[in-house]
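Numbering (my numbering), first residue to last: 2 to 64.
What follows is the structure, encoded as structure tokens:
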């Protein structure tokens with residue numbers, strides 16, 4: 002097992018001004034009211050309705 006100090010571990014987690022290890026980032030634009038409406042209500046209903054008709058479409062519309 003690799004050896005490291007407490008300070009090494011703390012520095013790793015705060016590395017480059019971004020604390021933590023994982024980030025969630027949008028894959029589509031989220032800059033305008035239109036973008037948000039397409040991503041959420043009411044826009045989210047359209048892909049959901051397509052997935053309801055054809056469950057295989059889940060792989061096309063979701064991650």
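We put the beta carbon where it would ideally sit given N, CA and C, even for glycine.
Cβ separation of residue i and residue j, assumed to be a contact under 8 Å, to the nearest whole Å
| i | j | result |
| --- | --- | --- |
| residue 48 | residue 62 | 4 Å |
Same chain, Cβ closer than 8 Å to residue i, five either side skipped, listed in chain order
| i | result |
| --- | --- |
| residue 14 | 20, 21, 22 |
| residue 10 | none |
| residue 36 | 29, 30 |
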